[in-house]
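K.L.:
Have a look at this one.
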Amino acid sequence: MPISDPALGVCYYPEHWPQEMWADDARRMVENGLSYVRIAEFIWSRIEPKRGDFQFDWLDTAVETLGAAGLKIVMCTPTATPPKWLVDEMPDMLAVDANGNPRGFGSRRHYDFSHEGYRRECARITEVVAKRYGENPHVVAWQTDNEYGCHDTTLSYSNTARTAFQNWLAQKYQSPEALNRAWGNIFWSMEIGSFEEVELPVLTVTEPNPTHVMDFRRFASQQVVEFNRVQTKILRRLSPGRDIIHNFMGRYLEFDHFDVSADLDIASWDSYPLGFLEQFGQDNAWKNWYMRAGDPDFQAFHHDLYRSCGTRNGQGRDRGRWWVMEQQPGPVNWAPYNPDPHPGMVRLWSHEAFAHGAEVVSYFRWRQAPFAQEQFHAGLNRPDNSADRGLAEAKSVAGELGQLPQVEIGQAPAPVALVVDYPSFWATETQPQGQGHHAYQIVFEFYSMLRRLGQSIDIVRPGDDLKGYRLVVVPQLISVDENALEAFKAFDGHLLFGPRCGSRDENHHIPQGLAPDGLRQLIDIRVERVESLRPGVSHPVGHEGRFHAWAEHVITGDAVEVKLQTKQGHPAWMVQDKASYLAGWPDERLRKYVLEKELTLAGCPWVETGDDLRIRDHGPLRTIVNYGPRAHDASHLIAKGDTVLIGSSDMDVAGVTILHRAKT
Ligand code: GAL
8 MPISDPALGV CYYPEHWPQE MWADDARRMV ENGLSYVRIA EFIWSRIEPK RGDFQFDWLD
68 TAVETLGAAG LKIVMCTPTA TPPKWLVDEM PDMLAVDANG NPRGFGSRRH YDFSHEGYRR
128 ECARITEVVA KRYGENPHVV AWQTDNEYGC HDTTLSYSNT ARTAFQNWLA QKYQSPEALN
188 RAWGNIFWSM EIGSFEEVEL PVLTVTEPNP THVMDFRRFA SQQVVEFNRV QTKILRRLSP
248 GRDIIHNFMG RYLEFDHFDV SADLDIASWD SYPLGFLEQF GQDNAWKNWY MRAGDPDFQA
308 FHHDLYRSCG TRNGQGRDRG RWWVMEQQPG PVNWAPYNPD PHPGMVRLWS HEAFAHGAEV
368 VSYFRWRQAP FAQEQFHAGL NRPDNSADRG LAEAKSVAGE LGQLPQVEIG QAPAPVALVV
428 DYPSFWATET QPQGQGHHAY QIVFEFYSML RRLGQSIDIV RPGDDLKGYR LVVVPQLISV
488 DENALEAFKA FDGHLLFGPR CGSRDENHHI PQGLAPDGLR QLIDIRVERV ESLRPGVSHP
548 VGHEGRFHAW AEHVITGDAV EVKLQTKQGH PAWMVQDKAS YLAGWPDERL RKYVLEKELT
608 LAGCPWVETG DDLRIRDHGP LRTIVNYGPR AHDASHLIAK GDTVLIGSSD MDVAGVTILH
668 RAKT
């Protein structure tokens, strides 16, 4: 059984500071409890200022200095920032935006994933760096590139992308006729006679054909997979025994992270709770309440998502290896507003990640940069090298980790699983059918309510083995393929499906026999009509809440029991044996009601944590966190016989309480 051995790290940029500072920086990292250091993701112009003119002396010294201090190094490939000379040699490597403008040099991520020439350059530089450091004893892991897709760079509308897309389609469909059929191109005389005639789904007069868009999204996602694979293949060959990692982002949906993760050993993500709250928080009141803490469920959702990604390399779901590669240490620079976290929040975020099974939490960055784009971004140290608050909090986390028992993890999966599917995100972006409808939103709302009911959750991909779970929630799976259906059928716990599940087939057509397509084998219903609802309009559902945003008219077979109906008399929540279906978008009250009932039915004990408190059970440990801007009593989350290891039932702002549970 794997034992968790959590550790801390930091992102460091030796190239930003005089060499005389490096040894002291390294010494202070170790002194403050940091054991990993990630370097070199943006250094291409310094290691190869001109083609073939390699300058590694400085980096050799940096690696030696950090390693000699006892730090374990995560080395990066520098491919997120191709140097100017390379872009000038190959100007068509730039991605092109939806208006047809090249995304030029002068910041970062200025490349098109599908550009073969740039892929070759990436292979070349990866090979050079991996040869130099692949077997260096201080280098324990690699990060490929940096934040694939950041700054909206997954989708590119370049000529390069068009040719690659045409080839991809030719592979997939074999003949133009097959493509025409699959896309339904007869509809507006959109038929093509050869694959060279296919355009990118952009700058059309009105909306492009949704199947065309869905294929383009699948293609674009696959480009990221292949781009990453170019590097992982070289790293595996030249750096045996080292883990390969990529740092994903928060609420980034444009490529399938499960697919990319299949080539990694460890999935990681970059956690900036306050920046994400500003970008994605539900409304202004919510943002004000949590402005110094972040959304209480956003981090947890991504921890669970990337833990699931970390299982893809054959590790089994009890051992999804994942890290937080970049942890916000203070105010950031890139959100509309950038508040200061509550004192104690950096500590809380770190403990929370470990409670979800992180192996490493690594802070971004060691020292705030006084120059260039991120001057307002805090580090663990200020630009004058004085220690900032984040450093003290990191040090206290390191001390506390030392006091906690090392726990055996993964004896059993969480009782509840939530199905996440990237193509469903693309499908609802392609055809929202109601302004702002997005599968991510409903997935996150279900996740968040399950957490408010005290659940620890595993995220799974459609088709994953569901054995061992008691309740599986499928908030929105637009197309249900054979694998997914088989996994649902083989599962013997309870299943809850949300609206729009099975509403499209593999070609993004309405399925023969209507929604929910194959799920009818589990629950005998047929969706006859759907409507999206204007803001402020909703349908009462029994006395338990309302459908807003989306409602369906469903007819049910004899075996189906209607548990709740709308005021107009349409079935709203219905059950047949182990499967149930919700025929609309539930508001908060209805979501809570249905999930409480489902949890009870599935034999999962639940407890209301309260708005600001959350729990996460991890082996025998329970971590309780307070995201609210006020103190809370957490006695209801502590059972008789539990041993409090850190904190207490009186939880202050940013409070963390860790228990050893008497009964798990
Ligand atoms: C991340 C990125 C880092 C840095 C950081 C600032 O998205 O990977 O390089 O820019 O944001 O918060």
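Using the numbering used here, you'd call the opening residue of the sequence shown number 8 and step up by one each time. We put the beta carbon where it would ideally sit given N, CA and C, even for glycine. Bear in mind the structure is a predicted one, so any value in this text is a computation, not a measurement.
1) Does the beta-carbon of E6, which I'm using as the reference point, lie nearer than 6 Å to any heavy atom of the ligand GAL?
2) Would you call the CB atoms of S539 and G441 closer than 7 Å?
3) Is any heavy atom in the ligand GAL found nearer than 6 Å to the beta carbon of E285?
4) Are there 16 or more other CB atoms within 10 angstroms of the CB of D640, so buried, or fewer, so exposed?
5) Could you check if S486 is buried or exposed, using at least 16 other CB atoms within 10 Å of its CB as the buried criterion?
6) Give the list of continuous beta strand (DSSP E) stretches no shorter than 3 residues that lie fully inside the segment 449 to 502.
7) Looking at the secondary structure, which residues open and close the beta strand (DSSP E) in which Y370 lies?
8) Which ranges would you report for the beta strand (DSSP E) in the segment 271 to 333 if only whole runs of at least 3 residues count?
9) I'd like the list of long-range same chain contacts for E407, defined as Cβ closer than 7 Å, with 5 residues on each side in sequence excluded.
10) Is the beta carbon of H515 less than 7 Å from the beta carbon of T218?
11) Runs of 4 residues minimum, wholly inside the segment 328 to 406: which ones carry the alpha helix (DSSP H) assignment?
12) Rounded to a whole number of angstroms, what is the C-alpha to C-alpha distance between I80 and I46?
13) How close, in whole Å, do the beta carbons of I622 and L644 come, if the pair is a contact with beta carbons under 8 Å?
14) In the structure shown, what three-state DSSP assignment does W51 receive?
15) Could you tell me whether any non-hydrogen atom of the ligand GAL is closer than 6 Å to the CB of N153?
16) Which residue comes first and which comes last in the beta strand (DSSP E) that contains N254?
17) Drop a sphere of 10 angstroms on the beta-carbon of P9, count the other beta-carbons inside from all chains shown, and report buried for 16 or more, exposed for fewer.
18) Mapping the DSSP letters down to three states, classify F504 as helix, strand or coil.
19) To which residues of the same chain is P21 closer than 6 Å at the C-beta, ignoring the five residues directly before and after it?
20) How big is the Cα-Cα spacing for M221 and W433?
21) Name, in chain order, the residues that DSSP records as bridge partners for N633.
22) Look up E615 in the DSSP assignment and say whether it is helix, strand or coil.
23) Please state whether DSSP places C157 in a helix, a strand or coil.
24) Exposed or buried, which one is K647 when buried takes at least 16 other CB atoms within 10 Å?
25) Are the beta-carbon atoms belonging to K585 and P547 less than 7 Å from one another?
26) Report whether the distance from the Cβ of V339 to the nearest heavy atom of the ligand GAL is below 6 Å.
27) Taking the alpha carbon of V146 as the reference point, which residue from K138, D152, N153 has its own alpha carbon closest?
28) Within a Cβ cutoff of 6 Å, which residues of the same chain sit near E400, ignoring the five residues on either side of it in sequence?
29) Quick check: what's the CA-CA separation for E142 versus E233?
30) For W65, tell me which candidate among R53, Q380, E204, K57 has the shortest Cα-Cα distance.
31) Measuring straight from C-alpha to C-alpha, what distance separates R372 and A394?
32) Is C18 helix, strand or coil by DSSP?
P.N.:
Let's see:
1) Residue 6 lies beyond the range of the chain shown here (8 to 671); nothing can be said about it.
2) To locate residue 539, count along the sequence shown from 1; it is residue 532. To locate residue 441, count along the sequence shown from 1; it is residue 434. In this structure, G441 lies closer than 7 Å to S539 by Cβ.
3) Taking the first residue of the sequence shown as 1, we reach residue 285 at position 278. Checking every heavy atom of the ligand GAL against the Cβ of E285, none is found closer than 6 Å.
4) Translated into positions along the sequence shown, residue 640 becomes position 633. Burial call: exposed.
5) One-based indexing of the sequence shown puts residue 486 at position 479. It counts as buried.
6) 464 to 467, 478 to 481
7) Here residue 370 refers to the residue found at position 363 when the sequence shown is read from its first residue. From DSSP, the beta strand (DSSP E) with Y370 extends over 367 to 370.
8) 273 to 278
9) Translated into positions along the sequence shown, residue 407 becomes position 400. Correct list, in chain order: I653.
10) Working through the sequence shown from its first residue, we reach residue 515 at position 508. Working through the sequence shown from its first residue, we reach residue 218 at position 211. Yes, they are a contact pair.
11) 352 to 362
12) One-based indexing of the sequence shown puts residue 80 at position 73. One-based indexing of the sequence shown puts residue 46 at position 39. If I take the Cα positions, the gap works out to 7 Å.
13) Position 615 of the sequence shown holds residue 622. Position 637 of the sequence shown holds residue 644. About 5 Å; that satisfies the 8 Å criterion.
14) Within the sequence shown, the letter at position 44 stands for residue 51. Three-state result, W51: helix.
15) Translated into positions along the sequence shown, residue 153 becomes position 146. Yes, since a heavy atom of the ligand GAL falls inside the 6 Å radius drawn around the Cβ of N153.
16) As a first step, residue 254 is located in the sequence shown; it is residue number 247 there, counting from the start. Segment 250 to 255, the beta strand (DSSP E) holding N254.
17) Working through the sequence shown from its first residue, we reach residue 9 at position 2. Note that P9 scores a pLDDT of 48, beneath 50, so its modelled location is shaky; the value from the coordinates is reported in the next line. Classification of P9: exposed, given that the 10 Å Cβ count is below 16.
18) Residue numbering aside, residue 504 sits at position 497 when the sequence shown is read from its first letter. Looking at F504 - three-state DSSP - the assignment turns out to be strand.
19) If you number the sequence shown from 1, residue 21 lands on position 14. Only W29, A69 meet the Cβ criterion.
20) Translated into the one-based positions of the sequence shown, residue 221 becomes position 214. Translated into the one-based positions of the sequence shown, residue 433 becomes position 426. Straight-line Cα distance between these residues: approximately 7 Å.
21) For the purposes of this step, residue 633 is taken as residue 626 along the sequence shown, with counting starting at 1. Answer is L620.
22) Counted from its first residue, the sequence shown places residue 615 at position 608. It is coil, neither helix nor strand.
23) Residue mapping note: residue 157 aligns to position 150 of the sequence shown, counting from 1. DSSP places C157 in coil when its eight states are reduced to three.
24) Counted from its first residue, the sequence shown places residue 647 at position 640. K647 should be labelled exposed.
25) Translated into the one-based positions of the sequence shown, residue 585 becomes position 578. Translated into the one-based positions of the sequence shown, residue 547 becomes position 540. Not a contact, by the Cβ cut-off of 7 Å.
26) For the purposes of this step, residue 339 is taken as the residue at position 332 of the sequence shown. Yes, Cβ of V339 sits closer than 6 Å to a heavy atom of the ligand GAL.
27) Translated into the one-based positions of the sequence shown, residue 146 becomes position 139. Out of K138, D152, N153, K138 has the C-alpha closest to the C-alpha of V146.
28) As a first step, residue 400 is located in the sequence shown; it is residue number 393 there, counting from the start. Excluding residues within five positions, the ones whose Cβ falls inside 6 Å are V353, R354.
29) Reading the sequence shown from its first residue, position 135 is the one you call residue 142. Reading the sequence shown from its first residue, position 226 is the one you call residue 233. Whole-angstrom Cα-Cα distance: 25 Å.
30) On the sequence shown, residue 65 is found 58 positions in, with the first residue counted as 1. Of the listed residues, the one whose Cα sits closest to W65 is R53.
31) Position 365 of the sequence shown holds residue 372. Position 387 of the sequence shown holds residue 394. Near 12 Å, if we compare the C-alpha coordinates of A394 and R372.
32) The residue labelled residue 18 in the question sits at position 11 within the sequence shown. C18 falls in the strand class under three-state DSSP.
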